[in-house]
Structure formats: C-alpha cells, structure tokens
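The structure appears right after this line, and notes come after that.
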Amino acid sequence: MFDLTHRLNGIVGPNGCGKSNIIDAIRWVMGESSAKQLRGEAMTDVIFSGATSRKASSFASIELVFDNTDGRIGGQWAAFGEISIKRILERTGQSTYYLNGAKCRRKDITDIFLGTGLGARSYAIIEQGMISRIVESKPDELRLVFEEAAGVSKYKEQKRETEIRIEHTRQNLLRLLDVREELSTQLTHLEKQAKKAETYQVLKREERLLQYIALKQQKAEISAEQADLTARLEALEAEFHQAVSFYNELILKHNANKAALTEKSGALSVATETFHAEQREILTLEHKIAAIKTSQARTHEDQAALNASLVQVDAEMTELQIALETLTETEGEESDALMVMTDSLFELTEHLESLNGTFDAFLQAAKTLNEEVRQLEREADVAKNSITHFETQQIHGEARIAKLQLELSALEAEDGHSDQLIELQTAMEEKALSVETLQQSLSDAEEQGQTVSEARRDVEARIHQSVRTQSEYEGRLSALTLLQNAVLAQKEGQAPLFESLTIAPEWQKAAEVVLARYLTLSTLENPEGYALAATECTFTEQHLGHYIQSDKQLGALLSHVYVARNELDLALLKADLKMHEWIVMPNGDLYGVDWFIAHIDGAIDGVLERAEEMNELERRLQDLNQLIMQLESDKQALIEQESAVHSHAKEISSALESAKTEQAAIEKAWALLNKEHMHVAENQARITSELAALKEAHEAGQLEIEENRITLESLLMTLEETQLKKAANDAELSAYEAEQKAKQAEAQNMQQAVNDATRQLDNTRFQLKETEKNLARLVKTHSELQQKLQEKTECEVDSDELILLEESLLIHSDNLITVDTEKTELAAEVAALQTAIEQEETLKAAQEKHIESQKEVIQSLMVREAEFKAHQAHIEKDWQDLLETVSIDEQHAMTDEIAALEDADVEPMLKSVQQKLSRLGAVNLVAIEECQQLAQRKQYLDEQDQDLNAALSELEIAIHKIDQETRERFMSTFNAVNQDFSKLFPRLFGGGEAYLELKGEDALSSGVNIIARPPGKKPGTIHLLSGGEKALTAAALVFAIFNLNPAPFCILDEVDAPLDEANVRRLGALLKEMSDRVQFIFITHNKTTMSVAESLIGVTMSEPGVSRLVSVDLAEAEKMAE
150 MFDLTHRLNG IVGPNGCGKS NIIDAIRWVM GESSAKQLRG EAMTDVIFSG
200 ATSRKASSFA SIELVFDNTD GRIGGQWAAF GEISIKRILE RTGQSTYYLN
250 GAKCRRKDIT DIFLGTGLGA RSYAIIEQGM ISRIVESKPD ELRLVFEEAA
300 GVSKYKEQKR ETEIRIEHTR QNLLRLLDVR EELSTQLTHL EKQAKKAETY
350 QVLKREERLL QYIALKQQKA EISAEQADLT ARLEALEAEF HQAVSFYNEL
400 ILKHNANKAA LTEKSGALSV ATETFHAEQR EILTLEHKIA AIKTSQARTH
450 EDQAALNASL VQVDAEMTEL QIALETLTET EGEESDALMV MTDSLFELTE
500 HLESLNGTFD AFLQAAKTLN EEVRQLEREA DVAKNSITHF ETQQIHGEAR
550 IAKLQLELSA LEAEDGHSDQ LIELQTAMEE KALSVETLQQ SLSDAEEQGQ
600 TVSEARRDVE ARIHQSVRTQ SEYEGRLSAL TLLQNAVLAQ KEGQAPLFES
650 LTIAPEWQKA AEVVLARYLT LSTLENPEGY ALAATECTFT EQHLGHYIQS
700 DKQLGALLSH VYVARNELDL ALLKADLKMH EWIVMPNGDL YGVDWFIAHI
750 DGAIDGVLER AEEMNELERR LQDLNQLIMQ LESDKQALIE QESAVHSHAK
800 EISSALESAK TEQAAIEKAW ALLNKEHMHV AENQARITSE LAALKEAHEA
850 GQLEIEENRI TLESLLMTLE ETQLKKAAND AELSAYEAEQ KAKQAEAQNM
900 QQAVNDATRQ LDNTRFQLKE TEKNLARLVK THSELQQKLQ EKTECEVDSD
950 ELILLEESLL IHSDNLITVD TEKTELAAEV AALQTAIEQE ETLKAAQEKH
1000 IESQKEVIQS LMVREAEFKA HQAHIEKDWQ DLLETVSIDE QHAMTDEIAA
1050 LEDADVEPML KSVQQKLSRL GAVNLVAIEE CQQLAQRKQY LDEQDQDLNA
1100 ALSELEIAIH KIDQETRERF MSTFNAVNQD FSKLFPRLFG GGEAYLELKG
1150 EDALSSGVNI IARPPGKKPG TIHLLSGGEK ALTAAALVFA IFNLNPAPFC
1200 ILDEVDAPLD EANVRRLGAL LKEMSDRVQF IFITHNKTTM SVAESLIGVT
1250 MSEPGVSRLV SVDLAEAEKM AE
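In my numbering, the protein residues as written are 150 to 1271.
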C-alpha cells in the first residue's frame, strides 16, 4: 500500500521488476475484464502464483481510495469525502466488487467514472506503446476518447437504456392491442348473454311471486288437517309408550352392559398394544446398544490405523528433510567445483588457440615449401613433356567444355518454376493474413464471451442477494404484522385511531408516548361513550396537536399537552404549567408540574413505528420484486447472448482450422517446388564454376607450356635451396606439433571433466527437485491423515448415550411386567361381561315379540301419519327454499301483488311462466357482472394504452434531447481541444502546426482525424511521422483533453522512451505546468523526467517474483541534505 499525496509522482526501477503491474492493477480494479489487456492468458493470472520462499495466494485484491472532498464524483456519492472501490478475485474465477465497503456490480463501478476521464481503458491511463497508438487510431476509435472527455459517454449509456425501454414499450403496446381486441370480442358476446340474463331474472321474479302465493295457500290447507291428525296421534302415542316402556328399560340395561364391554375391550386392546409397544421398544434399545458397541470398536480400530500411518509419514518426512539438506549442500559444492574447472578449461583453450596459430603458420610454410618443391619438380616434368601432350590435353579440354555447355543449356530450359514460386508465395502471405484475422476474431469472440459470462455471474449474484434480502424483509414484515395484529386485537371497534394520524417525524415518538393507550381505538372509553369527534380545539405551535394531522378532532386528548424541543423551552413552559397539563420532549420524556416520567425504548407497543416500518418494508418488497423480475430478464438475455457468442466463436474456430489446413497445404507445395528449384540452381552453379575452371586451365596450360621452356633451368637451380628451407621448417613444425598434441589431450581431459561435473550437477539438482516434490506430497498426506483422524474422533459415540440406553432398557422391562399383569385382569372382566350380555339378549328377544304384536295394531295409523308428514315436509321444504331465494326487501316489494292474487288460482299462471323460462334455455347468470367487469377492464386497458403511447412519446423526446445534448457537448469539447492542441503542439515541437478535423458531417457519428506538421515537414498522413514525433503529438492531444476535462489523475508508462533529451525537457515542463490541475503518476527510466517528480517510488525485486516499493519524498530529501 502507498499514498500518492504529491502532484508529480515518479515510479522508477529496473526492467522486469513490476512497475507496469501498478497500471494493470489500477485498470483491473476499475473493471477491466479482458485477461489479454492485462498481459495474461486467463483472469486468474493476476493472482500471485508464489515464489521460491513464498506460497501462492488464493485470491487477488486491489483497493483504490479517492479524495472526493470537492464533490467531483456527484450524484448520491457527492456527500462522501472519500470514495473507495475494491475488487477481489478468487481462484474459482469469482470476481467481487465493493464500493465504499458495500458489495456492488461491475456496472456500478464503471458508471461512477463515466464522464470523469477515468476507466479501465480511458485516455487517463497510457501504457507502454499506447501513446503512439492514440494518434494511429482509426477516426471512429479516436472519437471515443473525445466522447469520454466531453462527458457524453454517460449520455450514450442513457440513450441506449432509453432505446431499450422504447422497444419494451412498443412490445407492450402490441401485446396490449391483442388483449384489447380480444376483450372487445368477449364484451360483444357477453352483452348478448347479459340481456338474456336480465329477461331470465324478470321471469324468475314472477315465478317466485306465484310460487310464494301457491305455497302459502297449500300451507293454509295443511294447517287445518294438521290439527285433526295431531289429536289422533297423541292418543296413539300414549298407548304405544306404555307398550314399549318395559322394553326401553331392558334396552338401557343391555346397552349399559355393552358399553361397559366396549370400554373394557378397548382398555384390553390398549393394554395389549402397550405390551407389544414395550416389547418393540426393548428390542429397538437392544439393537441400538449392540450397534453403538460395534461402532465404538470399529472407530478405535480406524483410529489406530490412522495413527500408525501418521507415524510412518512423519518418519518419511524427517528422512526427506535430511536428504533435502544434504542435496542442497552437495549442489553448492558441485556448482563451485564446476566454476573452477570451467575457468581452467578457458585458460587451456586460449593457450591452445595460440599454439594452433603458430602451428598453422609453420604448417602453412611447410605446405608452401612442399608445394614449391613438388611444383618445381612437376614444372620441370611438365616442361619436358608439355610439347608432346599439349595437343591431346587441349582436345580433351575442349570436348569437356562443349559437354558442360550442353548440360547447362538443358538445365536452363528445365527450370520454369520461378513464376509458380511467386504465385505460391503470394498465396502463402494472403492465407497467413487470413489466419491472423481469424485468430484476432476468435480472440475478440472469446473476450466478448468472457465479458458476457462475467456479466451473467454478476446478475446471478445480484439475484441471489435480492432473494435473500426479500426473504429477510418478508420475515420481518410477517413478524411485525403478527405483532401489530395482536395489539389491534386487544380492542374491538372501527378503524383504529393511528390509521387516521399523520405525524411530523420529529414528534412521532412523543405522539406515541402520549397516545399509546388510544392508538388502537376509535372512541374514548368512558361512561358517556364520548366520541373523538366531539371536541374541537385550535392548536398552537407549542401544542403537540399542532404536529398531528387527523380527520378526527383530538382536543380531548391533546389540548393539555405541550412540546419542548430543548431544556430552555422546557423551563419556559414549566413556569406557566397547570396541574392537568403535560410537557413532552422529542425523545418521549413527560414532564408535569411536579413530576417527570422518562421514556424507555420498548416500554410501549410502538404501533406507529411498526406501522411506518411495515409500510417501508412493503415498499421495499415491491421494489425488490420489480428488481428481481428485471434481473431474471437480464439473466435470460445474457444467457442467450452468451450462447450466441459461443456459437460464433465455434464457427470462427472451425473456419480458423480450415484456413490453417489450407495454409499448411500451400506451404508444403511451396517447399517441394522450392526444393526442386534449388536443386536445379545448384547444378547450374556447379557447371558454371567447372566451365570457368576449365577455360582458365586451358589458358594457363598454354602459358605454362611456353614458360616451361624458359624457366626450366632456373627451377632446377632453386630446387636445392627450397629443399634445405623445407628441412629446417619441418624440424620446428615437429616440435610445435608435439606440444600441440599434448595441450589438446589436456584440454580434452579438462572438457570431459567439465562435462562430467555438469551432468553430476544436473543430476543433483534433479534429485533436489524430486525430493522437494516428495516432501510436499508427504506434507499433504500428513494433513489428510490428521483430518481423517479428527473426523473419526468427532464421530466417536459418547459413552453417556450407551448408559442412557441401558437405563431406558431397564425401565421398559419393568413397564412390560406391569402392563402384562393389567392385561390379564382386564381379560377376566371382559369374559364376565360377555356372559351377562348373552343372558340379556335372550330376554330382549322375547320382549321384542311382544312389542311387535302391538305394532301391528297401530301400523295403519303409522302409515297415514308418515304419508302426511312426508307431504307436509315437502311443502315446508319448498316454502323454505322459496324464502331463501326471496329476500326480505323483495317480500316487502311484492306485498301489494301478493294481496291482489291471494285468493286467485295461480297454478295456470305459474305453469305459463315456467314454460317461458324453459324456452329461454341455458342462461349465464353471471354474464351481467362479467360484462360490467370486462367493460371496466377494457376501459382500464384503453387508459393504459394511452399512457404507454404518452410514455413512448416522452422517451422519443428524451432520445432527441440526449442527441442534441451529445452533439452540443461533443462539438464544444472538440473545438476546445482543437484550440488547445493547436497551441500545445508547437510548444512541444518548438514550432510546426497541428489541428483536428471531423470525418463526416454528423457530429453524432463523425470520426476524428489528426493533422500534424512538425517543423520543416509536411507529411501526407500521421503514419509518416517518426516514433518520437508520434509520441509528442499524442502527448499534446492528451494534455489538450486534460486542459478541458482533467481526470483526477493521469498515469504515463515510459511515454518519454522514444523522445530525445530536448523533447523530454519540454515534456517535463508541460507536466509541471499541468500538475496544478491533474495529479500525474509516470513510470520512467529517464533521469530528466525523474528530476521533475516531487516524489519517487522505487520498485525493486530483491526476492525473485516479489516486487517491493520504496518511496522517497524529494522535497524532504533536499531538506535533509541541506
């Protein structure tokens, strides 16, 4: 961790020490999702993989803390003085973002930096080589930099979201149109059914009226007959009761015995079941005790085996550690010995090379002398025989030359592969370009797939978090609802008082303390039933009632209650306070003239607080439901997008494989053809060389023949002198040759020793690595064995449970004996009751025969009574059914009609009405209500259609406003940056001119071109500039953007690398000038650039693979030096 408190901060260090990792870390925490952009193959490559003495980390974590005291990051974050963003990546691939300590989405991070110039790929972060790529960017790519500088990137995001909402609105309108058309069809059909139902209701009313009169007439007739039949039945019932009196007494006694038998039999069954249950419980306990004992024995055996394995592993680990130390020492010794032998071998080699040089000189001299001797002898012989053989040699030479010339002509005619080779070379280059393009497309598709997958995982994480929050809210709301219902159920009446109250938040607790006992009531409970609405009162700002709004008059409750915000107000009010008056504080404390009650949180029901919290929870649940639905929709869309991206990647991969196959075939054909071409070229070169040699030999032979005649005598004279020189040179050559052989033998021996030592060192190092691997494997095995032993220890059954089971077995055994005794006694009682019942059955049969003879006497009267009662019951049932269908109000409405028809014959009229009802057929009685409901629904949907069309118009207006605002902001930014760029360019170059131009007429989509002309040059395009000129041009452009929309900080990675000293000084001066508005962090190896920094941060790697930071405040260092 390091703080960047200065405006100019330099990061220095040797190559490869990890300086650029700082930039990658900043881009990564800001939301970079491509491992390729972070110089890796997978996103998990950012996690520390370990070093020689350090273990690998299981996660990577970066946090940036921004000073936001000036409110640069606005919106909901403007109130925070510090903004913290953090990202954590685990090896599972799960990436988590935090914003001010709260978990958030990647989109939340990127949205914060929209329009600020910051971001994972913004112009404020310039990597190695990127400074030149900025000016080499395509016009459309360069436009993105200007959009970010203009702050319109957030407008583009808003426009995209608005266009999505417009599309959703149009889809909703189409669905709504289908529903409305369907409702219109249904409504037309229901209107017809409703008219038929209305006719049916009129006829049914008339039918009920006539049925009412008819049944009333029948009831009058039955009442007269009922009186006569009742008298006759009373006499018959008295006679019958005397006949069955004795029989009833017998039945009662018989039933009592049967009930006793049933009771005893039930008790016997219960006792038997209890007996069997005790037997089963005893058997179960015995099995459990046996199982526990078996488990304990097995667990002890497993523990013993694991302990033995642990002892063996510990011993092996100790041996490997000793071997590891020994091998480490051996490796050091062998390495030192190898270095000594290598130095000796180098000295021998140098000495041998010196001897070889001297020996070669003498050997060359000997060869020269030998050649001179042989040449003199040969020349003498040739001179003697040259005239004789000259003609023959010349003929042979000319014949050979002619033959070779024919072969050369044939080879030139055979070689026709040049054009084919050029064509294949062109095809190879085109196919290589195609393969490269497909590889880039595949990489882009994979990157897009990774981005979509990460977005999907973020959405799934948000869904999980939202569902968990929803469950918490629902649980809290359920608990509050139960508690609120319990409080409200304590009193009965109309709507409770608290539902009609609106209380200022400051005085809510005070109001609840004062009105605690009345919040669940609608009236005051007193002997007179005094209603709340009966007392009117005008409240001042000193009254609690002034801060409570209600449709009820609360004077009876609040006219004597005053409020005090602080101790001073309390003292002033108490001076004039009367005995029946109170003062309440915002925290709920109550004061009287001579008393005080302190409020304790939780001491009252908290009806108002619960109601407010319940309302808030319901609002949050509604928002969460909408959010979850939206997230599920987003998730489905991302899944579909991910599937499409993967399919596209597979298609590209297939095309890439085909292209590679074709490329290999073309390369193979080119290689075969090139091989044939090279073979022909070699033969041509060989024949050409031989022809030249033959012609030269022919001419030389001719000259030698002529010269031999002149020089023969001089050659013979010098031959003797040459032989004497040769003898002396041979003697010295022999001496050097002997010394050379000795040194070569010594060098070979030394080289063999070096080779043996190298192999031995490699073998030792291999053994060292294998020992380390074995030791790591044993450590892992040791940990696994300890874990298994811990699991066995935890699974061991407690002996207390065995004792409890054995005690329970004894108890159930005692219970079995007791239940067995009780069962035997109950069986004896059941046998006695069965004997008594059999005797009563015999007596009851005889009495039944006597009663049957009496029944035959009154059978005819009973039949008549039954028929009469059935008829009477039928009429009464029809009457009751009719009364159920005719309401009290309808009976009152039909009074006049009933009186008019009371004495008439209504049966014919009733049949006529029933025939009309029958002709109506099936009638949908709910059609009227359904028609009304459907009409209301159609009206509601028509209103929704109007609202959606209005919303669509508003969204289209919003799109137009966004385009207009984007165009104005972009053009304003473009002109301002163009003006600053035109000024900064000559400052950095010491002259020249540069400007920007739009490629197109539409400011919403036009690309941006850079026109730059350094002093003394007029290049046609920006690509013709040198590397340094491109870097300075890009720096001028970036700094011009910073002048308009300075990002909070700017990171520059070795942008001064392609610049000369003069340009570096100009760049440093510009950095100092702009540091008042922008904080700069630059990585450099240039001393001139370092001198500009106010603080230097050194990055070192004293330990391989581990970077460390060393920070130096240059101002403090200068003070200390002085």
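Idealized CB from N, CA, C, for every residue including glycine.
(message) Could you tell me the alpha carbon to alpha carbon distance between E427 and R926, rounded to whole angstroms?
(response) Your numbering for residue 427 matches position 278 in the sequence shown. Your numbering for residue 926 matches position 777 in the sequence shown. The straight-line gap separating the alpha-carbon atoms of E427 and R926 is approximately 56 Å.
(message) Assuming contact is defined by CB atoms lying nearer than 7 Å, are L504 and Q901 in contact in what I supplied?
(response) For the purposes of this step, residue 504 is identified with residue 355 of the sequence shown, where counting begins at 1. For the purposes of this step, residue 901 is identified with residue 752 of the sequence shown, where counting begins at 1. Contact flag unset, no.
(message) For I237 and T245, which I take to be in contact (beta-carbon distance under 8 Å), what is that distance rounded to the nearest angstrom?
(response) Mapped onto the sequence shown, residue 237 falls at position 88. Mapped onto the sequence shown, residue 245 falls at position 96. Right, their Cβ atoms sit about 5 Å apart.
(request) With distances taken Cα to Cα, identify the nearest neighbour of T930 among N406, N1073 and L459. (result) Sequence index remark: in the sequence shown, residue 930 carries index 781 (1-based). Selected option, being the one with the closest Cα: L459.
(request) Pick helix, strand or coil for V294, following the three-state DSSP scheme. (result) Counting from 1 along the sequence shown, the entry for residue 294 is found at position 145. If DSSP states are grouped into helix, strand and coil, V294 belongs with the helices.
(request) Would you tell me roughly how many angstroms separate the C-alpha atoms of Y361 and H1020, rounded to the nearest one? (result) Translated into the one-based positions of the sequence shown, residue 361 becomes position 212. Translated into the one-based positions of the sequence shown, residue 1020 becomes position 871. Rounded to the nearest angstrom, the two C-alpha atoms are 17 Å apart.
(request) Report the residue from Y711, K1087 and L553 whose alpha carbon sits nearest the alpha carbon of E839. (result) Counting from one through the sequence shown, the residue named residue 839 turns up at place 690. The residue from Y711, K1087 and L553 with its alpha-carbon nearest to that of E839 is L553.
(request) Could you please give the first and the last residue of the uninterrupted alpha helix (DSSP H) stretch that includes K1221? (result) For the purposes of this step, residue 1221 is identified with residue 1072 of the sequence shown, where counting begins at 1. Annotation: the continuous alpha helix (DSSP H) that includes K1221 extends over E1210 to M1223.
(request) Measure the beta-carbon distance from Q574 to W819 and round it to whole angstroms, keeping in mind my assumption that it falls under 8 Å. (result) Here residue 574 refers to the residue found at position 425 of the sequence shown. Here residue 819 refers to the residue found at position 670 of the sequence shown. Contact holds; Cβ gap of about 7 Å.
(message) Relative to the C-alpha of H1023, which candidate in K344, G268, N321 and L364 has its C-alpha closest?
(response) Here the question's residue 1023 lines up with position 874 in the sequence shown. Distance check between H1023 and each of K344, G268, N321 and L364 places L364 closest, using alpha-carbon atoms only.
(request) Work out the CA separation of W744 and L681 for me, nearest whole Å. (result) Counting from 1 along the sequence shown, the entry for residue 681 is found at position 532. Counting from 1 along the sequence shown, the entry for residue 744 is found at position 595. Interpretation of L681 is limited by its pLDDT of 43, a score under 50 that renders its predicted location unreliable; no figure is taken from the coordinates.
(message) In this structure, how does DSSP classify V161 when only helix, strand and coil are distinguished?
(response) The residue given as residue 161 occupies position 12 in the sequence shown. Three-state result, V161: strand.
(request) Apply the 10 Å Cβ neighbour rule to I1106 and answer buried if 16 or more other Cβ atoms are within range, or exposed otherwise. (result) As a working mapping, residue 1106 is identified with position 957 in the sequence shown. The residue is exposed, with fewer than 16 neighbouring Cβ atoms inside 10 Å.
(message) Please report the straight-line C-alpha distance between V968 and E940, rounded to a whole angstrom.
(response) As a working mapping, residue 968 is identified with position 819 in the sequence shown. As a working mapping, residue 940 is identified with position 791 in the sequence shown. Computed Cα separation, rounded: 44 Å.
(request) Would you tell me roughly how many angstroms separate the C-alpha atoms of K1166 and S169, rounded to the nearest one? (result) Numbered from its first residue, the sequence shown carries residue 1166 at position 1017. Numbered from its first residue, the sequence shown carries residue 169 at position 20. For K1166 and S169, the distance between alpha carbons rounds to 34 Å.
(message) Residues in the same chain with beta-carbon distance under 6 Å from G1254, minus the five sequence neighbours each way, listed in chain order, please.
(response) The count along the sequence shown starts at 1 and reaches residue 1254 at position 1105. So the list reads A200, once near-sequence residues are dropped.
(request) Below 8 Å CB to CB, which residues in the same chain sit around V522 once its five sequence neighbours on both sides are set aside? (result) Counted from its first residue, the sequence shown places residue 522 at position 373. Contacts found: L868, T871, Q872 and K875.
(request) Alpha carbon to alpha carbon, how far is A1196 from L1245? Give it in angstroms, no decimals. (result) Counting from one through the sequence shown, the residue named residue 1245 turns up at place 1096. Counting from one through the sequence shown, the residue named residue 1196 turns up at place 1047. Roughly 21 Å between the two C-alpha positions.
(request) Let me know the secondary structure DSSP gives K1148 once reduced to three states. (result) In the sequence shown, residue 1148 corresponds to position 999, counting from 1. Under the three-state reduction of DSSP, K1148 is assigned to strand.
(request) Pick helix, strand or coil for F1134, following the three-state DSSP scheme. (result) One-based indexing of the sequence shown puts residue 1134 at position 985. It is helical.
(request) Go ahead and pull the three-state DSSP assignment for S1251. (result) Numbered from 1 along the sequence shown, position 1102 holds the residue referred to as residue 1251. Reduced to three states, the DSSP call for S1251 is strand.
(request) Look at the alpha carbon of L954 and the alpha carbon of E621, and state the distance between them as a whole number of angstroms. (result) As a first step, residue 954 is located in the sequence shown; it is residue number 805 there, counting from the start. As a first step, residue 621 is located in the sequence shown; it is residue number 472 there, counting from the start. Each residue's alpha carbon lies about 42 Å from the other.
(request) Enumerate in chain order the residues of its own chain whose CB-to-CB distance from Q1228 is below 6 Å, with the five nearest sequence positions on each side excluded. (result) Start at 1 with the first residue of the sequence shown, and residue 1228 comes out as number 1079. Within the same chain, Q1228 has close Cβ partners R156 and F1198.
(request) Assuming T479 contacts T913 (C-beta within less than 8 Å), just tell me the rounded distance between them. (result) Taking the first residue of the sequence shown as position 1, residue 479 is located at position 330. Taking the first residue of the sequence shown as position 1, residue 913 is located at position 764. Contact annotation, T479 with T913: C-beta distance approximately 5 Å; criterion of less than 8 Å satisfied.
(request) State the beta-bridge partners of Y711 as determined by DSSP. (result) Indexing the sequence shown from 1 puts residue 711 at position 562. Looking at the DSSP output, Y711 sits in a beta bridge with H692 and I732.
(message) Determine whether the beta carbon atoms of K1179 and V284 lie at a separation below 7 Å.
(response) Start at 1 with the first residue of the sequence shown, and residue 1179 comes out as number 1030. Start at 1 with the first residue of the sequence shown, and residue 284 comes out as number 135. In this structure, the beta-carbon distance from K1179 to V284 falls below 7 Å.
(request) Report yes or no: do the region 1089-1096 and the region 323-337 share at least 3 C-beta pairs separated by less than 8 Å? (result) Touching, yes.
(message) Going by the DSSP bridge assignment, what does C1199 pair with across the sheet?
(response) On the sequence shown, residue 1199 is found 1050 positions in, with the first residue counted as 1. Beta-bridge pairing links C1199 to F1229.
(request) Compute the Euclidean distance between the alpha carbons of L1153 and R1116, then round it to the nearest angstrom. (result) On the sequence shown, residue 1153 is found 1004 positions in, with the first residue counted as 1. On the sequence shown, residue 1116 is found 967 positions in, with the first residue counted as 1. Taking the straight line from one Cα to the other gives about 6 Å.
(message) Please return the same chain residues whose Cβ sits closer than 6 Å to the Cβ of M466, not counting the five positions on each side in sequence.
(response) By one-based count along the sequence shown, residue 466 stands at place 317. The answer, listed in chain order, is L927.
(request) Could you tell me whether the Cβ atoms of A1242 and G159 are closer together than 7 Å? (result) As a working note, residue 1242 is residue 1093 in the sequence shown. As a working note, residue 159 is residue 10 in the sequence shown. Pairing A1242 with G159 gives a Cβ-Cβ distance under 7 Å.
(message) Taking a contact to mean a Cβ-Cβ separation below 7 Å, would you say V616 touches K809 in this structure?
(response) Mapped onto the sequence shown, residue 616 falls at position 467. Mapped onto the sequence shown, residue 809 falls at position 660. No.
(request) Could you tell me which residues DSSP puts in a beta bridge with S244? (result) On the sequence shown, residue 244 is found 95 positions in, with the first residue counted as 1. Beta bridge pairing from DSSP links S244 with L238.
(request) Please report the Cβ distance between A1099 and L1193, rounded to the nearest whole angstrom; I am assuming they are in contact, meaning their Cβ atoms lie under 8 Å. (result) Residue 1099 sits at position 950 when you count from the first residue of the sequence shown. Residue 1193 sits at position 1044 when you count from the first residue of the sequence shown. At roughly 39 Å, the Cβ-Cβ gap does not stay under 8 Å, so A1099 and L1193 are not in contact.
(request) Return the CA-CA distance between A227 and V294, expressed in angstroms with no decimal places. (result) Residue numbering aside, residue 227 sits at position 78 when the sequence shown is read from its first letter. Residue numbering aside, residue 294 sits at position 145 when the sequence shown is read from its first letter. C-alpha separation (whole angstroms): 25 Å.
(message) Which same chain residues end up closer than 7 Å to T1237 when comparing Cβ atoms and leaving out the 5 residues on each side of it in sequence?
(response) The residue you call residue 1237 lines up with position 1088 of the sequence shown. Within the same chain, Cβ atoms closer than 7 Å to the Cβ of T1237 are found at E1210, V1213, R1214 and G1217, the five residues on either side in sequence being excluded.
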